[in-house]
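In what follows, a structure is listed as structure tokens, so that the remarks can point back to it.
Shown next as structure tokens:
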């Protein structure tokens, strides 16, 4: 069926649950079996939007079966793998109801915690994060997550950034603030700050992963951090300026030392190693600054290419919203 890539609906009182799917054939049926009864128990109109982000397994086949087995499940098939936040952005833009809930596909976020997020949202906040009480990841993954959240705090400008997770609930109306965004490296948490500052977080249960391993490796988290900091803040450029200033100041101190030594002793500082170390420091600082500038130029280049955030191949669903 053919459908616009943005939903103009914003039906009050309802819930749209957006889930990015990537190589989740083994867990997808169990996820829907847990999620749908929870949503039905809320007594509110709802839909589940499953966005297949170019999975290489049988995820799309299983997703299609889920749309036939449960009402109000919609399946979005992207043309290729674009990334988790790109898939989320696609689902958020197609959401029909006034509240959006995002959740991962690995069953580590219990659907039974969704009512707690919605209750906190009803207290007057615009976005609520489900912060895990205990993380069930390895040491390197946890370290990378902390680095990512520190970078996210700088990009969001909010203390809540240290408590962000993929388990979140927010008002659909916020998406109007980033309706025109079309860059290839979106970050949902930063985009939400374009429309509100009323964030909060509550602690929720975080279950061990039942099936498979996480698709978010240490390397991917670091790359996401780089994309986020260079795509939404000027902090790296400011850091490069500080490094350059620090090296220049150090060079002036060395020059002052050499001049003072010459007038006091009549000789200069001898030795090639000293000179080589100074050259290495300044060369490293220059390459560091050029590397950061190169990252920003690369993003400008991708922007001029008009590379899309995502491209939808097909949309399937069993029923219309009630």
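In the numbering used here, the protein residues as written are 725 to 1046.
Cβ coordinates follow ideal geometry from the N, Cα and C atoms, glycine included.
For this session: Evaluate residue 962 with the Cβ neighbour count: other Cβ atoms within 10 Å of its Cβ, from every protein chain shown; 16 or more gives buried, anything less gives exposed.
Result: exposed
For this session: Buried or exposed for residue 1008, please, with buried defined as at least 16 other CB atoms from any protein chain shown within 10 angstroms of its CB.
Result: exposed
Problem set entry | For residue 857, three-class secondary structure by DSSP | coil
Problem set entry | Runs of beta strand (DSSP E) lying entirely within the region 763 to 808, each at least 3 residues, in chain order | 770 to 776 and 797 to 802
Problem set entry | Sequence-distant residues of its chain with Cβ nearer than 6 Å to residue 902 (five each side left out) | 915 and 918
Exercise. Taking the continuous alpha helix (DSSP H) assigned at residue 916, which residues delimit it?
Worked result: 912 to 917
Problem set entry | Cut-off 7 Å between Cβ atoms - residues of its own chain near residue 970, not counting five sequence neighbours on either side | none
For this session: Buried or exposed for residue 810, please, with buried defined as at least 16 other CB atoms from any protein chain shown within 10 angstroms of its CB.
Result: buried
For this session: Can you say whether residue 820 is buried or exposed, counting buried as having 16 or more other CB atoms within 10 angstroms of its CB?
Result: buried
Problem set entry | Option in 750, 761 and 826 with minimal Cα separation from residue 781 | 750
Problem set entry | Close Cβ partners of residue 777 (< 8 Å) along its chain, the five nearest in sequence each way excluded | 744, 745, 746, 802, 805, 806, 807, 808, 810 and 811
Exercise. Does DSSP put residue 743 in a helix, a strand or coil?
Worked result: strand
Problem set entry | Residue from 1023, 968 and 911 with nearest C-alpha to residue 1006 | 968
Problem set entry | Own chain, CB closer than 7 Å to residue 839, minus 5 neighbours either side, in chain order | 766
Exercise. In three-state DSSP terms, what is residue 752?
Worked result: helix
Problem set entry | Local conformation of residue 1039 per DSSP, three classes | strand
Problem set entry | 6 Å Cβ shell around residue 852 - same chain, five flanking residues per side excluded | 841, 844, 845, 893 and 924
Exercise. Sorry if obvious, but does the Cβ on residue 856 come closer than 8 Å to a heavy atom of the ligand HEM?
Worked result: This structure lacks the ligand HEM, and indeed carries no ligand of any kind.
Exercise. In terms of alpha-carbon separation, which member of 775, 739 and 763 lies closest to residue 1035?
Worked result: 775
Problem set entry | Continuous alpha helix (DSSP H) stretch holding residue 838: start and end | 838 to 845
Exercise. What three-state label does DSSP hand residue 736 in the structure shown?
Worked result: strand
Problem set entry | Cβ-Cβ separation, residue 815 to residue 768 (assumed contact under 8 Å), whole Å | In fact, because the Cβ distance is near 18 Å, the residues do not count as touching under 8 Å.
For this session: Determine the direct distance from the alpha carbon of residue 1002 to that of residue 976, and round the result to whole angstroms.
Result: 11 Å
Exercise. If you draw a straight line from the C-alpha of residue 889 to the C-alpha of residue 921, how long is it?
Worked result: 17 Å
Exercise. Is it the case that the Cβ atoms of residue 854 and residue 926 are separated by a distance below 9 Å?
Worked result: yes
Exercise. Under three-state DSSP, which class holds residue 894?
Worked result: strand
Problem set entry | Check whether residue 772 and residue 756 have beta carbons under 9 Å apart | yes
For this session: Please look up how many angstroms separate the CB atoms of residue 813 and residue 910, rounded, as I've assumed it's under 8 Å.
Result: 5 Å
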